[in-house]
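Asks: Residue numbering for the sequence shown follows the working numbering, beginning at 23 and increasing consecutively.
Can you keep this structure in mind? I'll have questions shortly.
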Amino acid sequence: MQWFLDLLPLSDLSRIELGFWSFPILLGLIFLRAPIGLAMLLCGFGGWYFAMNGNPTPLLAKLKSETYSTFSSYSLTIIPMFLLMGQFATLSGMSTALFKAAESFLGHRRGGVAMAAVGACAGFGAICGSSLATAATMSRVALPELRRYGYSGGFSTATLAAGGTLGILIPPSVILVIYAIITEQNIAKLFLAAFIPGILAAVGYVITISIYVRLYPDSAGTRAPQPMSERWKALAETWPVLLIFGLVVGGIYAGWFTPTEGSAVGAAGTGLVALVSGNLNWAVFRDSLIGTAKTTAMIFFIVLGAGFYNGFLALSGVPQFMADYVLGQGLSPWVVLIIILVFYMIFGCVMDSLSMILLTVPIFFPVISAMDFGMSPEHVAIWFGILVLIVVEVGLITPPVGMNLFIINAMDRTTPITETYKAVMFFVGSDIVRVAILVAFPAITLFLIP
C-alpha cells in the first residue's frame, strides 16, 4: 500500500499545496454522490497523512482526540433536543393550528392563503429550527387549502419552498448553534440577532405574494372572510406555540437557563403538548426518538468530518494564507464581503446549509475578522453569521437544484417543477433585496445586541 501512496503526485507537494488540492478532490467526491461527512473525513485523512510524510501516528492521534473532543462537547447536546422539539411539534398539530389562525385573519385578502402559509412557516420555524422540516410539514397542511381556493400549482409550491427557509432563520436554529460553536460566539446573542432579519424575511415574502397576485391575477383565488369570533378562536388554538416559544427564548434571555437547558425545556414542553393532544403514543414516541437519533447521527458525522478536514486545513495554513492574500490585494472589506456572499449563494444551490457552513466558515471567517468594518469583532462575527445563514438559505430555493424545491415537488407531483422555478424567482429577488439591506445597514441585525 505504501508504494502505491508514494507514487501519487500529492506526496511531493507542500502543505499549502496539499490544502488547495484538497478542494477539487472534495468537490469531486461530493459530485460522485459520496456523503458530505465521509468526503470531508477522507480528505482530512489523506491530507493529514501526506502532510505528515506518511507517518500514521499523528493521524491516529488526531482521530482519537478529534472524535472525543467533538462528541464530548456539551454545547452540541442542544442539537438533538431541538430536533426532538421539532418532531414533537409536528405530531402535536401545532403546524395546523398556526396555519388555521393565520388563514382566518389573512385568507380573505388577495393572495391571503399564501400569506397565511408564510406566517405559519414563520411560527413553526420558531419551534422547529429546520428549513427542510418546516417546508415538508407546512406543505402537508397548506397545499390542500391552497389548491382548494384556486391557487396555481407553481405559485403554491414556490410559496411553501420559500416559507420553509424561515425555519432555519427564526430562532431557535440548529445551524446558528453550529456557527456559534465554530466561531466561538454566544448562542443567545446569535438567536437575538436573527429576530429582525427573520421578521424582515416574512414581511418581504408577504409583499412578494402581494406583487405576484397583482401581476398574475389568475394565480390565486379568493375566499370569504371569517367572523371575528372564529378568528379569535383560531388564534387561541396557537397558545402552545406561544407558550413554548416564550418559555424557551424568554427563559434564555431572562437567565433562567442556558440555551442548552432551554432546548431540553422546549423538547419536554412540546412532548407534553403532543401527549395532551392525544397524538403521542408509545409507537409514535419511539419513532420520534429514532428519527431524532438518525438526524443527529447524520449531523454529528458531518461535524466530525468537517472538524477533521478543517484541522488539516489549519495545519496546511490555507485559511491564514487566504486572509493574508485578500488583505494584500487592498480590496475594500465590503467588496470582499459581497464576493463571499455571492459564493455562498451559488454553492448553496448544490450543497446543504450545514455542510456549507462547516466547510467554509473556518476559511472565510478569518478573512472577515481581519478586516475593518467599523464594528467590534463580536458584532462583525454575529452580523456575518446572520448574512451567511440567509444567503445559504437562498440557495435552497434557487433553481435549478434548490433542495427545498425538490422537497415540495416530491409532495406535489402534479405541478411541473419548471412552474415552481418561474414563481420562486420572485422570492429569490425578495431575498436578494433583504441581503442588500442587511449588508448596507448592519445596525438592523445588531439592533438588539448589547
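Cβ atoms here follow ideal geometry from the backbone N, Cα and C, with glycine treated the same way.
Does the Cβ-Cβ distance between Phe146 and Met160 come in under 8 Å?
Replies: Yes, the Cβ-Cβ distance between Phe146 and Met160 is below 8 Å.
Asks: What's the C-alpha gap between Leu311 and Ser391?
Replies: Between Leu311 and Ser391, the C-alpha separation is close to 39 Å.
Asks: Just how far apart, CA to CA, sit Ala148 and Ile429?
Replies: Spanning the two alpha carbons is a distance of roughly 20 Å.
Asks: Sorted by chain position, which residues of the same chain lie with C-beta nearer than 7 Å to Pro341's C-beta, five sequence neighbours on each side aside?
Replies: Taken in chain order, the residues that qualify are Leu335, Pro384, Ile385, Pro388.
Asks: Alpha carbon to alpha carbon, how far is Val306 from Ala144? Give it in angstroms, no decimals.
Replies: Rounded to the nearest angstrom, the two C-alpha atoms are 25 Å apart.
Asks: Tell me the rounded alpha-carbon separation between Ile52 and Tyr347.
Replies: Going from the Cα of Ile52 to the Cα of Tyr347 covers about 27 Å.
Asks: Beta-carbon separation of Ala216 and Phe449 under 8 Å?
Replies: Contact flag unset, no.
Asks: So the alpha helix (DSSP H) Arg236 belongs to, where does it begin and stop?
Replies: Taken as a continuous stretch (DSSP letters only), the alpha helix (DSSP H) holding Arg236 covers 209 to 237.
Asks: Is Thr118 near Asn431, with beta carbons less than 8 Å apart?
Replies: No. Outside cutoff.
Asks: Measure the beta-carbon distance from Ala328 to Leu411 and round it to whole angstroms, keeping in mind my assumption that it falls under 8 Å.
Replies: In fact, because the Cβ distance is near 16 Å, the residues do not count as touching under 8 Å.
Asks: Taking 8 Å as the cut-off, does the stretch 260 to 271 touch the stretch 84 to 91 (at least 3 CB pairs, one atom from each stretch)?
Replies: In short, these stretches do not touch, since the Cβ pair count stays below three.
Asks: Could you tell me which uninterrupted alpha helix (DSSP H) segments, each at least 4 residues in length, are contained entirely in the stretch 76 to 159, listed from first to last along the chain?
Replies: Listed in chain order, the complete alpha helix (DSSP H) runs (minimum 4 residues) inside the stretch 76 to 159 are 78 to 93, 100 to 113, 116 to 128, 134 to 150.
Asks: Is Met344 helix, strand or coil by DSSP?
Replies: Residue state, collapsed to three classes: helix.
Asks: Counting beta carbon pairs with one atom in the stretch 237 to 248 and one in the stretch 456 to 464, are three or more of them shorter than 8 Å?
Replies: Touching, no, given that fewer than three Cβ pairs across the two stretches are closer than 8 Å.
Asks: Would you report the Cα separation of Gln24 and Met74, rounded to the nearest angstrom?
Replies: Unreliable placement is indicated for Gln24, whose pLDDT of 45 sits below 50; no coordinate value is reported for it.
Asks: How do the stretch 285 to 296 and the stretch 101 to 110 stand: do at least 3 beta-carbon pairs fall below 8 Å, yes or no?
Replies: These segments touch.
Asks: Is the beta carbon of Ile100 less than 8 Å from the beta carbon of Val163?
Replies: The answer is no: Cβ separation not under 8 Å.
Asks: Any idea if Leu29 is buried or exposed, counting beta-carbon neighbours within 10 angstroms, 16 or more meaning buried?
Replies: With a pLDDT of only 38 at Leu29, under the threshold of 50, the placement of this residue in the model should not be trusted; the figure read from the coordinates follows. Label assigned to Leu29: exposed.
Asks: State buried or exposed for Arg131, treating a residue as buried only when at least 16 other CB atoms are found within 10 Å of its CB.
Replies: Arg131 comes out buried.
Asks: Rounded to the nearest angstrom, what separates Pro281 and Ile274 at their Cα positions?
Replies: Computed Cα separation, rounded: 6 Å.
Asks: Apply the 10 Å Cβ neighbour rule to Asn332 and answer buried if 16 or more other Cβ atoms are within range, or exposed otherwise.
Replies: So Asn332 counts as buried.
Asks: Measure the C-alpha to C-alpha separation of Phe26 and Leu326 and round it to an integer number of angstroms.
Replies: Model confidence at Phe26 stands at a pLDDT of 38, short of 50, so the residue's coordinates are unreliable; what they give is reported in the following sentence. The alpha-carbon atoms of Phe26 and Leu326 are separated by roughly 27 Å.
Asks: Tell whether a beta-carbon distance below 8 Å holds between Leu120 and Thr260.
Replies: Their beta carbons are under 8 Å apart, which means Leu120 touches Thr260 by this criterion.
Asks: So is Thr314 buried or exposed if we call it buried at 16+ other beta carbons inside 10 Å?
Replies: Buried, by the Cβ-count rule.
Asks: If we ignore side chains and look at the alpha-carbon of each, how far apart do Thr187 and Pro78 end up?
Replies: Each residue's alpha carbon lies about 43 Å from the other.
Asks: To the nearest angstrom, how far is the alpha carbon of Gly293 from that of Ser299?
Replies: Their backbone Cα atoms lie some 10 Å apart in a straight line.
Asks: Given 8 Å as the limit, is there contact between the stretch 432 to 441 and the stretch 167 to 177, that is, 3 or more CB pairs closer than that?
Replies: The answer is yes - the stretch 167 to 177 touches the stretch 432 to 441, with three or more Cβ pairs under 8 Å.
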